[in-house]
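Below: the structure, in structure tokens.
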Amino acid sequence: YFHADWAPLYRLLLPSVALLGLAAVGLWFIVGL
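Each step along the sequence shown adds one to the number in the working numbering, with nothing skipped, and position 14 is 112.
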């Protein structure tokens with residue numbers, strides 16, 4: 099159970115974290131090759 103104020107923060111945070119993860123995987127893949 100999350101407080102209502104946290105919902106917008108998570109909505110903003112999750113996409114940025116996902117993008118960072120994708121960027122990190124992409125960089126690791128390029129460097130690995």
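Note that the Cβ used here is the ideal one computed from N, Cα and C, for glycine as well.
Secondary structure of residue i, DSSP reduced to three states
{"i": "Ala116", "result": "helix"}
{"i": "Leu131", "result": "coil"}
{"i": "Ala102", "result": "coil"}
Contact set for residue i: own chain, Cβ-Cβ below 6 Å, skip 5 residues either direction
{"i": "Ile128", "result": "none"}
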